[in-house]
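For the sequence shown, the residue numbers in this note's numbering are 68 to 555. Ideal placement from N, C-alpha and C gives every residue a C-beta, glycine not left out. Input: a single structure, listed below in structure tokens.
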Amino acid sequence: MVFPCVIPKPNRCRLTGEYYAGSAAEIRKTIDTELPDNGAYRLVISKDGIEVSAADDKGFFYAQQTLKQLAFVYGNPLPTMEIDDAPVFMHRGFMVDSVRHMQTVDELKKLIDTASMFKFNVFHWHLSDDQGFRFESETYPELTQIACVRPSSDFGKVHDNTPYGGYYTKQQMREIIDFCHARFITVIPEIDMPGHTCAILHAKPELSCKGEEVSIKTTAGIFEEILCCGKEETFDFIFGLLDELCEVFPDPFIHIGGDEAPKNNWKICPACQGRMLQEGLANEEQLQGYMTTRISEHLAKKGRQCICWNETLASDILPEGLIIQNWMDKKKQVPAFAAAGGRVIYSDYYHYYTDYPYAMTPVKKTYTADPVPKNLPAEMLQNCIGVETPIWTEHVRDFSRLCYMTWPRFAAVSETGWTKKERKKYDDFKERMVTLLPLLEENGIYAADPKEWDPISVSRLPRTLGHFADTVSAEMVTNFFKDTFKKD
Ligand SMILES: [Zn+2]
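Here it is, written out as structure tokens:
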């Protein structure tokens, strides 16, 4: 068996040749302020006992997760060893789309608890999109009355005429947040804007450019109706909603989306065009930059920082300190942003989107992706703050499907987030992962079968095509083939 059978692989570990026959629950803890406070820990298993040093509780927690896996794999007696460990990246996240399909609080807890065993420290919660709104708002009760239910679901070839919806109450969200905090996971809520807002606009059509009725969407896609950036009421609404969001979510980061916002309505809207004239903005991308800046400044007053998807970089007007989540950098703007001092999170669509089949994104492809742009100057490497793997749920209708799609790809990302590149090796990871699968099952998480992780190339083609025929655009198919057969 590969040693140590732990994911993510500890950054330094050596066997010391004896055995410890006592309980793995009996640990002597020492605070060591010399160690960094980023989750670093030192774990020594000797024949006399288990000793852990860390600067704080976070480090003790991660040592505990390592020990949990060791005890599961090696049982009693444990081989003696010394581990010195610390993460490579500060942001090690997973994102769940609770809009297209929701998860129960208990399901989310199972996923979060399992993610914490793999030392993830960020849960990004996608709560608003074209197909629904999932945050209980008392400031705007129409959102939870009108924007949370769609009349049917028509994703790909699957049609369901039953109304679908719901929302998370503030109490449920606080329960999730507390559950995360107990595991040293921060929670980043996302209200996507100005695009992907059809559910909001369904409840508040007056905030669209045309002011006409907007339907809540039942299909996947990118839709023309977006929040009007010319009307001051739009900003009043956004600030009111974000203020309420900040009351529930106490962590430092708020995700405001910014992706896939078609500007056709802004181009013909008198209010939007008037705003551009008044603010001296050259184009509609700058208008989105203006919006991002105002929202960011509002959140900064509350001590919060903004995260946006990478399309936001289409504007050259951007707020100070903006963090960019890179999912599909078609215009290659992210490396330049990082080189100029901007912080980025790597979530590449072709490697980290776990809603696509293993035929398209085998585990090895996810595992071997490098989150740091090539040719980034050494002094700018620190701007690559981490990794995050999303699960979008248009086609993920239940929790067992969600677990199948996310595991083991989540574990592959966890190792990239924690373990030094030179210590990573796919075959070694795969063996450890297979050994740890029953531990996931103890947590109610049933991963994809190892036979499915890395389909041979020839079988990937028809299966990937079959998936795309159901779901996404010709452009994405083309991009997929260009990318897959170039890099893989
Ligand atoms: Zn407008």
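- Distances from the CA of H263 to each of E242, F290, V281, H269 were compared; the closest alpha carbon is that of F290.
- In this structure, C265 has its CB at a distance of at least 7 angstroms from all heavy atoms of ligand 1.
- DSSP places F161 inside the beta strand (DSSP E), whose first and last residues are 158-164.
- Note that the C-beta distance between N450 and R410 is below 8 angstroms.
- If you check the CB distance, C265 and E292 come in under 8 angstroms.
- The closest CA to that of I74, considering only P429, D115, T181, S120, is found on T181.
- The DSSP-derived three-state label of S183 is helix.
- Contact check between the stretch 146-154 and the stretch 108-121: three or more CB pairs, one atom from each, fall below 8 angstroms, which counts as touching.
- No Cβ-Cβ contact shorter than 8 angstroms links P103 with D152.
- Exclusion of the five residues before and after E242 leaves V172 as the residues of its chain whose Cβ lies within less than 7 angstroms of its Cβ.
- Annotation for V480: Y419, T433, V454, T456 place their beta carbon closer than 7 angstroms to its own, counting only its chain and skipping 5 residues before and after.
- Rounded to whole angstroms, the separation of the alpha carbons of G370 and F302 is 19 angstroms.
- The stretch 191-199 makes contact with the stretch 252-263, as at least three CB pairs between them are under 8 angstroms.
- Across the structure, A515 and T100 are spaced so that their CA atoms are roughly 41 angstroms apart.
- The set of residues with a C-beta under 5 angstroms from any non-hydrogen atom of ligand 1 comprises C276, C295, G297, C336, A338, C339, given in chain order.
- Contact between the stretch 232-241 and the stretch 197-206 is present: 3 or more CB-CB pairs across the two stretches fall below 8 angstroms.
- Look at N393 here: in three-state DSSP terms it is strand.
- Per DSSP, the unbroken alpha helix (DSSP H) holding Q345 starts and ends at 337-346.
- With contacts defined as CB atoms closer than 8 angstroms, F187 and I252 qualify as a contacting pair.
- The DSSP assignment places complete alpha helix (DSSP H) segments of no fewer than 4 residues inside the stretch 351-427 at 351-368, 401-406, 416-419, in order along the chain.
- In this model, F496 and K330 are separated by some 44 angstroms (Cα to Cα).
- Proximity to G126 across G288, N377, R109 peaks at R109, based on C-alpha coordinates.
- For D310, the uninterrupted alpha helix (DSSP H) run begins and ends at 299-315, by DSSP.
- In the DSSP assignment, D152 is bridged to Y108.
- The criterion of a C-beta distance shorter than 8 angstroms is not satisfied by K277 and F304.
- For F202, there is no enclosing alpha helix (DSSP H), since its DSSP letter is neither H nor E.
- Between the alpha carbons of R499 and T483 lies a gap of roughly 15 angstroms.
- Judged by DSSP in its simplified three-state form, M260 adopts strand.
- For secondary structure counted as the alpha helix (DSSP H) over 4 or more consecutive residues, the stretch 208-266 holds these complete runs in sequence order: 208-213, 237-248.
- Boundaries for A328: no alpha helix (DSSP H) harbours it, and the DSSP string shows neither H nor E there.
- A residue is called buried when at least 16 other Cβ atoms come within 10 angstroms of its Cβ; G325 meets this threshold and is buried.
- Per DSSP, T456 is one residue of the beta strand (DSSP E) stretching across 451-458.
- Looking only at E327, C336, P337, the smallest Cα-Cα distance to W394 is reached by E327.
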